[in-house]
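Student: Numbering (the working numbering), first residue to last: 256 to 475.
Ideal placement from N, C-alpha and C gives every residue a C-beta, glycine not left out.
Starting off with a structure, shown below.
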Amino acid sequence: MSKESNNLVKTASEEDQNKNIQNYYKLQSKIYDATRWTFLFGRKKLVRVLPFDKNAAIDILEIGCGTGYNLKRLAKAYPNAHITGLDVSEDMIRLSKKQCRDFSDRMEFLQQPYGPNQPPVPKKYDAILFSYSLTMINPHWEDLIRHAVNDLKPGGVVGLADFHDSRFLWFKKHMSNHHVRMDGHLLKLMKELYEPVVEEVKPAYGGVWEYVLFIGKKKA
Ligand SMILES: C[S@@+](CC[C@H](N)C(=O)[O-])C[C@H]1O[C@@H](n2cnc3c(N)ncnc32)[C@H](O)[C@@H]1O
């Protein structure tokens, strides 16, 4: 099943994949916040379980920040943090800036893709978060997870909230129409590269799918 489901999501060159995502979010950005709270579980907890003192002056980067759902919560939870939102979609970044305008003095935005073949980010971070972005980045998700190690400060953490897997092929097929791959593939690599601090796989909608929450420390 896992081999078959690996083929469900159409893969493309990095350039084409980024164009596909940009096109997808031209329309989806307009209904994103109204719809996604009903099924993107674990995002609030991802912010809550970060292992930092609430007053810490930390640098946080979210890859695929979308409309700024997490950025806003991070800014409230960490009043001294400097927060960077990176996203390949101009439409999503525009909404993010709007949603986070109260925190513009300590927030910056980068409209670009992330990864080893892309423009480098400007500094090193205490935390790099991936929230429902990696399952959409196919087949390059692995490059991004590996690349984040280099952009973390010593002792920094990576955070993940995302779809994990489903036992129903019809559901995986449905999600592949939205560019999403669900094969338990993210957690496996995260655990290889980072020291687990938080690791949870939870059922959603009575077990139609599972989502994953992971915080991992950069290995010394
Ligand atoms: C499902 S949304 C998640 C948004 C937000 N993180 C959240 O939790 O609501 C996925 C986001 O990842 C972005 N994205 C996809 N591929 C990307 C890439 N290669 N580099 C940066 N952002 C990317 C998309 O444009 C989109 O805004």
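Comparing the CB of G414 with every heavy atom of ligand 1, is any distance shorter than 8 Å?
Tutor: no
Student: Can the beta-carbon of L468 be found closer than 9 Å to that of E454?
Tutor: yes
Student: Does the beta-carbon distance from P415 to I470 come in below 9 Å?
Tutor: Note on residue identity: the sequence assigns Leu, not Pro, to residue 415. Yes.
Student: Taking Cβ positions, are A311 and A289 nearer each other than 9 Å?
Tutor: no
Student: Report all residues from its chain with a CB closer than 8 Å to the CB of Q277; omit the five preceding and five following residues, and keep chain order.
Tutor: V343, S344, E345 and D346
Student: Between which two residues does the beta strand (DSSP E) containing Y333 stretch?
Tutor: From DSSP, Y333 is part of no beta strand (DSSP E); its letter is neither H nor E.
Student: CB E465 to CB H419, shorter than 9 Å?
Tutor: yes
Student: Would you mind reading off the limits of the beta strand (DSSP E) that contains Q272?
Tutor: Careful: Q272 lies outside any beta strand (DSSP E), inside the alpha helix (DSSP H) at E269 to R291.
Student: Would you give the residue range spanned by the alpha helix (DSSP H) that L407 belongs to?
Tutor: Taken as a continuous stretch (DSSP letters only), L407 belongs to no alpha helix (DSSP H), being part of the beta strand (DSSP E) at L407 to D420.
Student: Whole angstroms are fine: how far does the CA of H440 sit from the CA of V463?
Tutor: 18 Å
Student: Answer with buried or exposed for V476, where buried requires no fewer than 16 other C-beta atoms within 10 angstroms of its C-beta.
Tutor: The shown model of the chain, from 256 to 475, leaves out residue 476, and the question about it has no answer.
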